[in-house]
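A.B. asks: For what it's worth, my numbering labels the leading residue of the sequence shown as -7, then goes sequentially.
Just so it is clear, CB atoms sit at the ideal spot from N, CA and C, and this is done for glycine as well.
Remember, predicted model here, so these are calculated numbers, not experimental data.
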Amino acid sequence: MFYWVVKAILGPVLAVLWQPRAEGVENVPRQGPAIMVSNHLSFSDHFFGPLPLPRKITFLAKAEYFTGTGPKGLISRLFFTGVGQIPIDRSGGKASEAALRTGLKVLKQGKLLGIYPEGTRSPDGRLYRGRTGVARLVLESKAPVVPMAMINVDKIMPPGRTIPRLGIRPKVVFGKPLDFSRYYGMEKDPRVLRAITDEIMYALMELSGQEYVDRYAQSVKAELAAAAKEERKEQHADEKERRRAERAERKARRKAERARKREERKARGADGEADTDPEGAPDRAADEPPGTAA
């Protein structure tokens, strides 16, 4: 119920501010289960993707959306819980298996399940290699697979930005359902899982127009984070070196100033000696008037 209340409130606001466009809505089944596979460009994918559909999409959302602290964490937790999104642990192993079972449960209930095969948001707007968990869902559920391509959404709210930009029209394109029935019963073959996943990513690439990178987005993110950390470290080292150089320069200036003052004092002392006789006493006799007895 909360989902439809939120959509009724946000829908007109999003429509007025960004005028989102949608294509291929007729490709989404009007009833029954379906797996909505999407590229992941921004946090706002959760809003603009389901907006043109008359059905609710239940996304498998990262657990961090439900565990944040402070006002922002509270708002995130209330929103994602209220609209029926399901937290998943992305650490792999048993957590991945639990996420799979959760997704199968949603599909058995005849709902639309939303999933991002990349596993995380794109760090640079490109499309990255998909994870094969989506293929297992496809084969075990036998549900239709509908590609859902998000376009321009990263320009509205890219990673790290909290205030959305105006003046950009997002777009969502729903592709025709993909048929993987030829692979049914082969869910334990890793080559089949990879083939299905790659076909899904290819469909998203064609619909979105993104450049495809045959690497996991998480690995690229880790590299970018490491590079940024190293850059900050170098900047910190450069700053320390700059401060050290400035201290050395100030010290040298103070030393030069003290030396200059010592030279000035010596010069003044030398001038004073030049005004006295060899024995150090003034020659007063030369100043006495003539004819005066000693």
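Out of curiosity, what's the CA-to-CA distance linking Lys225 and Arg207?
C.D. replies: Counted from its first residue, the sequence shown places residue 225 at position 233. Counted from its first residue, the sequence shown places residue 207 at position 215. Answer to the nearest angstrom: the Cα atoms are 27 Å apart.
A.B. asks: Which ranges does the alpha helix (DSSP H) cover as unbroken runs of at least 4 residues, wholly within the stretch 84 to 139, from first to last along the chain?
C.D. replies: Listed in chain order, they are 86 to 100, 125 to 133.
A.B. asks: Where does Tyr108 land, buried or exposed, given buried means 16+ other C-beta within 10 angstroms?
C.D. replies: Here residue 108 refers to the residue found at position 116 when the sequence shown is read from its first residue. By the 10 Å Cβ count, Tyr108 comes out buried.
A.B. asks: Distance, Cα to Cα, Pro115 vs Ala218?
C.D. replies: For this step, residue 115 is matched to residue 123 along the sequence shown. For this step, residue 218 is matched to residue 226 along the sequence shown. Between Pro115 and Ala218, the C-alpha separation is close to 13 Å.
A.B. asks: In whole angstroms, what separates the C-alpha of Val130 from that of Gly177?
C.D. replies: Looking up residue 130 in the sequence shown gives position 138. Looking up residue 177 in the sequence shown gives position 185. Near 11 Å, if we compare the C-alpha coordinates of Gly177 and Val130.
A.B. asks: The alpha helix (DSSP H) with Ile192 in it runs from where to where?
C.D. replies: Numbered from its first residue, the sequence shown carries residue 192 at position 200. Start and end: 182 to 200.
A.B. asks: Relative to the C-alpha of Trp(-4), which candidate in Pro63, Lys48, Ala26, Ser68 has its C-alpha closest?
C.D. replies: Taking the sequence shown and counting its residues from 1, the one referred to as residue -4 is at position 4. Taking only the C-alpha atoms, the option nearest Trp(-4) is Lys48.
A.B. asks: In the DSSP assignment, what are the bridge partners of Lys54?
C.D. replies: Numbered from 1 along the sequence shown, position 62 holds the residue referred to as residue 54. BP columns for Lys54 point to Ile80.
A.B. asks: Could you check what DSSP says for Arg13 in three-state terms: helix, strand or coil?
C.D. replies: On the sequence shown, position 21 is the one that residue 13 refers to. Of the three classes helix, strand and coil, the one that applies to Arg13 here is strand, per DSSP.
A.B. asks: Please tell me whether Phe39 and Phe58 are closer than 8 Å, where the distance is taken between their beta carbons.
C.D. replies: Against the sequence shown, residue 39 aligns to sequence position 47. Against the sequence shown, residue 58 aligns to sequence position 66. No, these two residues do not count as a Cβ contact at 8 Å.
A.B. asks: Mapping DSSP to helix, strand and coil, what is Phe172?
C.D. replies: Counted from its first residue, the sequence shown places residue 172 at position 180. Coil, per DSSP.
A.B. asks: What did DSSP end up calling Ser36 once you bin it into helix, strand or coil?
C.D. replies: Walking along the sequence shown from the start, residue 36 turns up at place 44. If DSSP states are grouped into helix, strand and coil, Ser36 belongs with coil.
A.B. asks: If you run the structure through DSSP and keep just helix, strand and coil, what is Ile1?
C.D. replies: Stepping through the sequence shown from its first residue, residue 1 is reached at position 9. Looking at Ile1 - three-state DSSP - the assignment turns out to be helix.
A.B. asks: In chain order, what residues of the same chain have a beta carbon less than 6 Å from the beta carbon of Lys147, not counting five sequence neighbours either side?
C.D. replies: Taking the sequence shown and counting its residues from 1, one reaches residue 147 at position 155. Once the five neighbours on either side are set aside, the close Cβ partners of Lys147 are Ile160.
A.B. asks: Report all residues from its chain with a CB closer than 7 Å to the CB of Thr16; omit the five preceding and five following residues, and keep chain order.
C.D. replies: Stepping through the sequence shown from its first residue, residue 16 is reached at position 24. Checking the sequence, you will find Gly at residue 16 rather than Thr. Result list for Gly16: Val165, Phe166, Gly167, in chain order.
A.B. asks: What is the rounded straight-line gap between the Cα of Gly60 and the Cα of Gln77?
C.D. replies: If you number the sequence shown from 1, residue 60 lands on position 68. If you number the sequence shown from 1, residue 77 lands on position 85. Answer to the nearest angstrom: the Cα atoms are 15 Å apart.
A.B. asks: What is the DSSP secondary structure of Ala277, counted as helix, strand or coil?
C.D. replies: Stepping through the sequence shown from its first residue, residue 277 is reached at position 285. With a pLDDT of 49 at Ala277, under the threshold of 50, the modelled position of this residue cannot be trusted, and the question is left open.
A.B. asks: Exposed or buried, what is Asp37 when buried is set at 16 or more other beta-carbons lying within 10 Å of its beta-carbon?
C.D. replies: As a working mapping, residue 37 is identified with position 45 in the sequence shown. Buried, since its Cβ has 16 or more Cβ neighbours within 10 Å.
A.B. asks: Need the endpoints of the beta strand (DSSP E) that Val29 sits in, please.
C.D. replies: Reading the sequence shown from its first residue, position 37 is the one you call residue 29. Residues 26 to 30.
A.B. asks: Suppose the cutoff is 8 Å on Cβ atoms and the five residues either side in sequence are ignored; what does the same chain contact list for Asp181 look like?
C.D. replies: Residue mapping note: residue 181 aligns to position 189 of the sequence shown, counting from 1. Closer than 8 Å at the Cβ level, and outside the excluded window around Asp181, lies no residue.
A.B. asks: I want to check one thing, is the minimum distance from the CB of Gly201 to the heavy atoms of the ligand GDP below 7 Å?
C.D. replies: Absence of the ligand GDP from the depicted structure is noted, as is the absence of any ligand whatsoever, leaving it without description.
A.B. asks: Tell whether a beta-carbon distance below 8 Å holds between Val126 and Ile192.
C.D. replies: To locate residue 126, count along the sequence shown from 1; it is residue 134. To locate residue 192, count along the sequence shown from 1; it is residue 200. Closer than 8 Å, so yes.
A.B. asks: From Leu99, Arg13, Thr112, pick the residue whose C-alpha is nearest to that of Ser34; which is it?
C.D. replies: Along the sequence shown, one-based indexing puts residue 34 at 42. With distances taken between Cα atoms, Ser34 lies closest to Thr112.
A.B. asks: For Lys258, does the three-state DSSP call read helix, strand or coil?
C.D. replies: Taking the first residue of the sequence shown as 1, we reach residue 258 at position 266. Reduced to three states, the DSSP call for Lys258 is helix.
A.B. asks: Taking the beta carbon of Met(-7) as the centre, do at least 16 other beta carbons fall within 10 Å, making it buried, or is it exposed?
C.D. replies: Within the sequence shown, the letter at position 1 stands for residue -7. Classification of Met(-7): exposed, given that the 10 Å Cβ count is below 16.
A.B. asks: Pull up the CB-CB distance for Ala26 and Val138, whole angstroms please, since I reckon it's below 8 Å.
C.D. replies: For the purposes of this step, residue 26 is identified with residue 34 of the sequence shown, where counting begins at 1. For the purposes of this step, residue 138 is identified with residue 146 of the sequence shown, where counting begins at 1. 5 Å between Cβ atoms; contact.
A.B. asks: Would you mind working out which of Ala209, Gly95, Ala7 sits nearest Leu52, comparing C-alpha positions?
C.D. replies: As a first step, residue 52 is located in the sequence shown; it is residue number 60 there, counting from the start. Looking at the Cα atoms, Gly95 is the closest of the given residues.
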